[in-house]
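What follows is a single structure, written as structure tokens, with notes after it.
Number of protein chains: 2
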Amino acid sequence: MLNDRSPAFSQDCNECPIRHRAVCARCETDELARLDEIKYYRRFEAGQTVIWSGDRMDFVGSVVSGIATLTQTMEDGRTQMVGLLLPSDFVGRPGRNAAAYDVTATTDLVMCCFRKTPFEDLMNRTPHIAQRLLEMTLDELDAAREWMLVLGRKTAREKIASLLSIIARRDASINLRSATGDVVFDLPLTREAMADYLGLTLETVSRQISALRKDGVIALEGKRHVTVPDMTRLLEEAGDDADGGVFA
Amino acid sequence: MLNDRSPAFSQDCNECPIRHRAVCARCETDELARLDEIKYYRRFEAGQTVIWSGDRMDFVGSVVSGIATLTQTMEDGRTQMVGLLLPSDFVGRPGRNAAAYDVTATTDLVMCCFRKTPFEDLMNRTPHIAQRLLEMTLDELDAAREWMLVLGRKTAREKIASLLSIIARRDASINLRSATGDVVFDLPLTREAMADYLGLTLETVSRQISALRKDGVIALEGKRHVTVPDMTRLLEEAGDDADGGVFA
DNA sequence: CCCATACTTTGACCCAGATCAAGAGCCCCT
DNA sequence: AGGGGCTCTTGATCTGGGTCAAAGTATGGG
Chain A
1 MLNDRSPAFS
11 QDCNECPIRH
21 RAVCARCETD
31 ELARLDEIKY
41 YRRFEAGQTV
51 IWSGDRMDFV
61 GSVVSGIATL
71 TQTMEDGRTQ
81 MVGLLLPSDF
91 VGRPGRNAAA
101 YDVTATTDLV
111 MCCFRKTPFE
121 DLMNRTPHIA
131 QRLLEMTLDE
141 LDAAREWMLV
151 LGRKTAREKI
161 ASLLSIIARR
171 DASINLRSAT
181 GDVVFDLPLT
191 REAMADYLGL
201 TLETVSRQIS
211 ALRKDGVIAL
221 EGKRHVTVPD
231 MTRLLEEAGD
241 DADGGVFA
Chain B
1 MLNDRSPAFS
11 QDCNECPIRH
21 RAVCARCETD
31 ELARLDEIKY
41 YRRFEAGQTV
51 IWSGDRMDFV
61 GSVVSGIATL
71 TQTMEDGRTQ
81 MVGLLLPSDF
91 VGRPGRNAAA
101 YDVTATTDLV
111 MCCFRKTPFE
121 DLMNRTPHIA
131 QRLLEMTLDE
141 LDAAREWMLV
151 LGRKTAREKI
161 ASLLSIIARR
171 DASINLRSAT
181 GDVVFDLPLT
191 REAMADYLGL
201 TLETVSRQIS
211 ALRKDGVIAL
221 EGKRHVTVPD
231 MTRLLEEAGD
241 DADGGVFA
């Protein structure tokens with residue numbers, strides 16, 4: 001399976017996202033084979049730290065399954081999540097040795113990693129890797145800037161609705177809609193982690209989720225399982241431009 | 001001057017930042033010459049809009065002199081600044097046609113631009129351009145994420161101190177210290193623009209600046225000219241890790 | 001089965017920063 | 001000089017979300 005180099009494979013590969021996302025079908029077969037040679041897998045349990053901010057980071061890699069968070073912490077303990085890594089997201093920085101933020105697994109996590117030196121060598125010989133990484137990084141930058149609007153200007157309710165929209169949009173299980181067309185997914189984060197993402201306290205997160213439930217914007221089963229009967233309504237609550245994206 | 005291709009030039013060039021920052025001395029002379037062939041300059045007056053979010057953007061470029069801001073706006077008018085472009089900063093996205101945010105000149109502005117198609121062609125033939133752009137984009141991503149911590153978790157006073165630190169660090173005139181070692185610079189933004197960067201109101205910005213002045217953290221001459229007698233103190237006020245960076 | 005631990009909800013109260021309002025300083029134009 | 005825009009400051013008041021506190025709910029271990 002991992003050695004299949006057909007075009008179809010490089011389209012559909014979930015097994016090794018860097019291969020699919022960073023390299024795609026544009027590179028020659030030999031380079032793909034080289035990537036396979038130097039890659040390795042790492043597994044983490046929920047709650048485990050992948051790397052601490054400031055530590056030496058001698059690898060780059062992407063998420064195969066599970067969810068990881070990037071967080072920054074002040075000396076007094078205030079914490080802000082600065083990124084959410086879902087399957088196929090890339091982490092690590094060619095050309096720099098220290099991690100800039102804590103990376104933590106919030107669920108069981110599998111990453112596809114490359115030791116930095118061989119990866120950089122390969123990147124130098126394979127222009128498309130740098131170009132693909134550039135595209136991915138620009139996407140992340142756009143996402144980070146969009147999040148700055150959420151953090152700086154949105155109300156607590158809008159923040160929650162924005163987070164739910166993003167998770168709905170990106171969570172793989174979103175592809176499964178119920179018979180009635182509802183959007184259904186599981187929250188991969190605790191209330192505290194959501195608070196850290198949104199610049200709120202966990203109490204406010206809890207209150208706003210309750211409020212959205214009372215107002216019929218979402219339905220909850222247990223603490224984590226969310227049903228969105230009307231995605232357009234949720235996007236309105238988030239204060240987003242009403243284009244609706246994939247849900248239009 | 002613009003045709004000087006000595007190594008010293010590519011180190012010191014202020015005239016065409018993309019050449020210095022995106023290409024540097026690693027590329028061959030021919031490619032540098034090609035960059036010179038396709039570049040052109042654009043001038044904007046203070047307050048003028050470079051491009052509106054959503055508009056077709058058929059160029060990329062970098063700031064030669066002056067200051068521009070990237071902002072996002074909600075329908076109801078709430079706006080968040082998501083980036084500050086100082087001289088040598090790059091803007092634009094190879095491979096995408098629509099601008100993702102408003103770009104506005106806040107001072108008189110000169111940009112060094114490249115039409116997108118020839119730039120992309122050149123990038124495809126010159127791997128170092130993509131690699132250098134990747135580095136620059138990763139820097140911007142780190143800065144954006146650092147700003148997320150400011151927006152999400154810092155108090156108004158800390159936000160102001162953080163902004164002043166960043167401007168002090170990046171403003172070219174910082175290199176000029178007064179005889180006593182004070183750090184001196186001009187604020188390139190109105191109170192309202194600072195508020196939009198920090199997720200505050202302009203009244204709060206004004207009050208916090210007054211408070212910092214009263215407490216002797218900064219001194220003001222007129223509305224815009226700032227003197228910082230003790231940079232370490234300012235960084236403490238910003239809640240930053242006390243490494244001090246260039247000011248240590 | 002019961003307890004410990006971690007996560008979540010809800011209530012009561014408070015405060016940092018928003019909002020509303022009034023001037024003050026400044027620059028440019030006529 | 002005098003006005004008309006700006007930008008900026010300062011005061012008074014209000015409020016969204018933080019803080020503190022307590023109780024509810026899973027889940028897993030002994």
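The listed protein sequences correspond, in order, to chains A and B.
Each residue of the first sequence is one higher than the one before, counting from 1 in the numbering used here.
Each residue of the second sequence is one higher than the one before, counting from 1 in the numbering used here.
For each residue, glycine too, the CB sits at the ideal point set by N, CA and C.
These figures come from a predicted structure and were not determined experimentally.
CB contact check: residue i to chain B, cutoff 7 Å
i, result
"E140(A)", "yes"
"P188(A)", "no"
"L134(A)", "yes"
"V82(A)", "yes"
"M74(A)", "yes"
"A168(A)", "no"
"D115(A)", "Reading the sequence as shown, one finds Arg at residue 115(A) and not Asp. No, R115(A) does not count as interfacial toward chain B."
Identity of the residue in the options nearest residue i by Cα
i, options, result
"V63(A)", "S210(A), L202(A), C113(A) and R78(A)", "C113(A)"
"A46(B)", "S88(B), L85(B) and T104(B)", "T104(B)"
"E221(B)", "D186(B), D121(B) and T69(B)", "D186(B)"
"V226(B)", "L109(B), S165(B), A68(B) and T232(B)", "S165(B)"
"G95(A)", "V82(A), L70(A), E158(A) and K116(A)", "K116(A)"
"M111(A)", "Q72(A), L202(A) and V50(A)", "V50(A)"
"L200(A)", "T155(B), A168(B), R169(B) and K223(B)", "T155(B)"
"M81(B)", "F44(B), K214(B), Y197(B) and P118(B)", "Y197(B)"
"F119(A)", "E146(A), Y40(A), I160(A) and G216(A)", "Y40(A)"
"D89(B)", "A238(B), I218(B), G61(B) and T71(B)", "G61(B)"
Residue i - DSSP class collapsed to helix/strand/coil
i, result
"T106(A)", "coil"
"L86(B)", "coil"
"D186(A)", "strand"
"M111(A)", "strand"
"R43(A)", "strand"
"R56(B)", "strand"
"T227(B)", "strand"
"M74(B)", "coil"
"T137(A)", "helix"
"G239(B)", "coil"
"A143(A)", "helix"
"A98(B)", "strand"
"Q208(A)", "helix"
"T201(A)", "coil"
"T232(A)", "helix"
"V23(A)", "Because V23(A) carries a pLDDT of 45, less than 50, the predicted location of this residue cannot be relied on, and the following value inherits that uncertainty. In the structure shown, V23(A) sits in a helix (DSSP, three-state: H, G or I)."
The ligand SAH heavy atom lying under 6 Å from the CB of residue i
i, result
"I167(B)", "Ligands in the displayed structure: none, and consequently the ligand SAH is not present."
Residue span of the beta strand (DSSP E) that contains residue i, given as start and end
i, result
"A219(A)", "A219 to E221"
"I67(B)", "That residue, I67(B), is in no beta strand (DSSP E); it is neither H nor E in DSSP."
"T49(A)", "T49 to I51"
The alpha helix (DSSP H) enclosing residue i, as first and last residue numbers
i, result
"T117(B)", "K116 to R125"
"L169(A)", "As written in the sequence, residue 169(A) is Arg, which differs from the Leu given in the question. Counting along the chain, the alpha helix (DSSP H) containing R169(A) begins and ends at A156 to R170."
Minimum Cβ-Cβ distance from residue i to chain A less than 7 Å
i, result
"T155(B)", "no"
"A144(B)", "yes"
"L151(B)", "yes"
"R191(B)", "no"
"Q131(B)", "yes"
"M148(B)", "yes"
* Three or more C-beta pairs closer than 8 Å, one from the region 115-127 of chain A and one from the region 50-57 of chain B: is that the case here? -> no
* Could you tell me whether the region 227-241 of chain A touches the region 186-195 of chain A, using the rule of 3 or more Cβ pairs below 8 Å? => no
* the region 129-139 of chain A in contact with the region 205-213 of chain A per 3-pair CB rule at 8 Å -> no
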